[in-house]
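Down below is the structure, laid out as structure tokens.
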Amino acid sequence: YLLINILKSASFVKMAHTILKSQSFLELMNKGFFEENGLLTEFGLIIVSFGITFAALSAMYYFSPYYTPLFFKGYKSMTKYERADWDTRYGNIIFSIFITYMAGRIVFIDPDFHESGDIPFHFRETRNSYISLGSALGYFLIDTIATVKYMMGGPAMVIHHICALGSIINALINREGHLYTLWMLLTEMTTPFIALRYMLEKMGYKQHVAYAINGVGILVGWVIARIINFVLFYHHFYTYRDQFTVLCGLSKAIVLTVPAFLFFLNIFWFTKIVRGALKLFIPSKPSTDAASEISITAKDMIQEDISDKDD
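Next comes the structure, spelled out in structure tokens:
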């Protein structure tokens with residue numbers, strides 16, 4: 153219901169109309185699918201990376217009920233919503249590893265984005281940035297469909313996914329903000345730990361040492377990807393604040409609001425993770441309970457306030 157109302161809103165329709173008629177989008181489309189040397193154009197890279205990611209993750213999701221029971225007998229005893237949540241975790245893990253590697257290289261290593269130059273950072277783009285963003289578009293689209301269908305994580309998670317989709321689409325179509333969009337996607341570094349936490353719990357390993365280690369991984373990963381990473385982002389933004397004026401209105405709005413919104417959510421969730429971490433080292437409660445609290449994740453923390461689906 154929330155997604156439908158957003159898509160039907162006048163502001164969203166106006167934004168979509170503006171993007172589709174933008175000069176950058178028309179130039180992207182006019183390049184066609186292949187260059188003269190046979191390589192894919194930027195438009196071709198978007199379509200191929202999007203298609204492969206969407207098809208692969210869709211297959212993992214829809215065929216999970218057939219291959220998961222082969223190694224996890226308890227799968228069939230879970231509720232419909234628990235199975236749907238489980239089914240999305242495979243794609244979560246694979247995509248997050250891919251995008252963390254790609255985004256990390258682009259943001260911190262790739263000289264086209266890392267070094268100073270005459271071209272503003274907001275206008276820089278490479279074939280790898282198009283591949284990464286095209287793949288991210290496919291991932292967030294399939295994950296948003298599942299999130300909305302089963303309300304996994306509640307309205308906050310839906311809004312989170314819509315913000316991600318909007319940022320990615322804007323970066324691809326307006327051909328600006330590739331660096332900052334990929335910088336935000338580095339937060340996916342914590343996703344494998346989040347997914348493993350859910351899987352380990354459902355498989356009955358909540359008191360296993362692997363569960364506690366994974367919880368510590370969430371804590372450390374959260375500090376790096378969702379706290380320190382944002383400090384570096386805002387330091388870069390402030391250092392090159394004079395380049396902010398070259399962005400279009402929509403890109404300016406996204407840069408000013410989306411990272412701030414995500415950072416606020418990250419801090420809110422981090423306080424809960426820290427409380428669990430403190431209990432791990434304070435013998436007032438059994439360590440297994442503390443390990444469980446450390447492992448509380450973004451998706452599951454929201455779910456706990458809405459339904460009794462998880463925990």
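The numbering of the sequence shown is the working numbering, which starts it at 153 and goes up by one.
Glycine included, each C-beta is placed from N, C-alpha and C at the ideal position.
Buried or exposed, going by whether 16 or more other CB atoms sit within 10 Å of the CB of residue i?
i    : result
L197 : buried
N189 : exposed
Y227 : buried
E187 : exposed
L338 : buried
L371 : buried
I want to see whether chain B comes within less than 7 angstroms of residue i, judged by CB atoms only; does it?
i    : result
F215 : Among the protein chains of the structure shown there is no chain B, as only one such chain exists.
Once you ignore the five residues that flank residue i on each side, which residues in its own chain have a CB closer than 8 angstroms to its CB?
i    : result
Y386 : P411
K404 : F396
Apart from the five residues on each side of it in sequence, which residues of its chain come closer than 6 angstroms, Cβ to Cβ, to residue i?
i    : result
L191 : none
H330 : E277, S281, A323
S248 : E340, T343, P344
Could you say which of the options lies nearest to residue i if we only look at CA atoms?
i    : options                : result
E234 : L222, Y213, L317       : Y213
A377 : A207, M336, G401       : M336
I204 : E187, G243, Y218, D239 : G243
A362 : R349, I261, T240, L399 : R349
V375 : A207, E267, L317, F422 : F422
N381 : L414, D295, P221       : L414
L209 : T231, T240, G318       : T240
G401 : Y291, V426, N326       : N326
K225 : F273, G373, G356       : G356
A207 : F292, I425, I419       : F292
Tell me which residues share the same chain as residue i and place their Cβ nearer than 7 angstroms to its Cβ, disregarding the 5 neighbours each side in the sequence.
i    : result
D264 : R276, T278
T299 : G305, M309, V310, H313
G369 : F345
Would you grab the beta carbon distance between residue i and residue j for me? Rounded to a whole angstrom, and I think it's under 8 angstroms.
i    : j    : result
L384 : N366 : That belief does not hold up - the Cβ atoms of L384 and N366 are roughly 25 angstroms apart, past 8 angstroms.
S287 : I251 : 7 angstroms
L285 : T333 : 7 angstroms
S468 : I297 : Residue 468 is absent from the structure shown; the chain starts at 153 and stops at 463.
I245 : A316 : 17 angstroms between Cβ atoms; not a contact.
M230 : K354 : 7 angstroms
### Message
My parser needs the alpha helix (DSSP H) runs of 4 or more residues fully inside the segment 197 to 269; what are they?
### Response
232 to 260, 263 to 266
### Task
Give, in chain order, every unbroken run of the alpha helix (DSSP H) that is at least 4 residues long and sits entirely within the segment 288 to 340.
306 to 325, 330 to 337
### Task
May I have a chain-ordered list of the alpha helix (DSSP H) segments no shorter than 4 residues that lie completely inside the segment 330 to 402?
330 to 337, 343 to 354, 361 to 375, 381 to 391
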